Amino acid sequence: MPKVIIFNRFKRFRPLNPSVQSMLSKKTKYAFHALTYLGKNKDQGAILIQEISEKHGISHKFLENILLELKKAGFLGSKKGKGGGYYLIKEPDQIPLSRIIRLLDGPIALLPCVSLNYYEPCEECESQEKCGLNKVMAEVRDETLKILEMKTLQDILSNE
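This note's numbering numbers the first residue of the sequence shown as 342 and each following residue consecutively.
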């Protein structure tokens, strides 16, 4: 059965069912929107936060914080003054999706007991070695990670 969606004032789709959880935070989705916009317009040089914010309906302050994190992580550069703004300092094919997701959302694993970088033992399990869910979720993590490490910002740009 298809998901029922509505159109909100920011021209974004959202599920009618508020209990539907996204695998990516808004912060990460907005980061991908901003990176995609910067990638599409990289020949223009630095792009103002306001331009990206207005184009994608993202709060200026929230976007500014996201772009600062991306800059500190080495994905973006910035220029102050006239002609200032943000720009990509890496080529889109050198920006793996996994790096952005981990930077902004943390673990890629669905359970903390299978996370490679943010491991936490499960309180519910007697033994992780005997837990069937752990084994399946570790496999899901591995396959997801393979794809996210292989896919880059260029893949997003190529599909738009």
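Just so you know, even glycine gets a beta-carbon here, dropped at the ideal spot from N, CA and C. Here the structure is a predicted model, which means the values were calculated and not measured.
Check: Who are the Cβ neighbours of Lys368 in its own chain at under 8 Å, not counting the five residues just before and after it?
Finding: Along the sequence shown, read from residue 1 onward, the residue named residue 368 stands at position 27. Once the five neighbours on either side are set aside, the close Cβ partners of Lys368 are Phe403, Ile407, Leu445, Asp446.
Note to self: Taking the alpha carbon of Ser490 as the reference point, which residue from Asp434, Asn475, Ala372 has its own alpha carbon closest?
What the structure shows: As a working mapping, residue 490 is identified with position 149 in the sequence shown. A quick correction: the sequence has Glu, not Ser, at residue 490. Answer by Cα proximity: Asp434.
Next item on the list: Using a threshold of 7 Å, state whether the C-beta atoms of Leu376 and Leu494 are closer than that.
Entry: Residue 376 sits at position 35 when you count from the first residue of the sequence shown. Residue 494 sits at position 153 when you count from the first residue of the sequence shown. One thing to note: Leu376 has its Cβ within 7 Å of the Cβ of Leu494.
Check: Less than 7 Å separating the beta-carbons of Lys420 and Ala387?
Finding: Position 79 of the sequence shown, counting from 1, holds the residue named residue 420. Position 46 of the sequence shown, counting from 1, holds the residue named residue 387. Against a cut-off of 7 Å, the Cβ pair of Ala387 and Lys420 comes out as a contact.
Note to self: Less than 7 Å between the C-beta atoms of Leu486 and Ile449, yes or no?
What the structure shows: Sequence index remark: in the sequence shown, residue 486 carries index 145 (1-based). Sequence index remark: in the sequence shown, residue 449 carries index 108 (1-based). Inclusion of Leu486 and Ile449 in the CB contact set at 7 Å is warranted, their separation being smaller than that value.
Notebook entry, point to check: Under the three-state reduction of DSSP, which class applies to Gly418: helix, strand or coil?
Noted result: Translated into positions along the sequence shown, residue 418 becomes position 77. In the three-state scheme derived from DSSP, where H, G and I count as helix and E and B as strand, Gly418 is classed as strand.
Margin query: Closest to Tyr428 by C-alpha separation, out of Val455, Asn382, Val477, Ile441, would be which residue?
Written below: Walking along the sequence shown from the start, residue 428 turns up at place 87. In terms of Cα proximity to Tyr428, the closest of Val455, Asn382, Val477, Ile441 is Asn382.
Next item on the list: Taking His401 and His374 to be in contact with their CB atoms under 8 Å, please state how far apart those CB atoms are, rounded to whole angstroms.
Entry: Here residue 401 is taken as the residue at index 60 of the sequence shown, counted from 1. Here residue 374 is taken as the residue at index 33 of the sequence shown, counted from 1. Contact doesn't hold; Cβ gap of about 14 Å is too wide.
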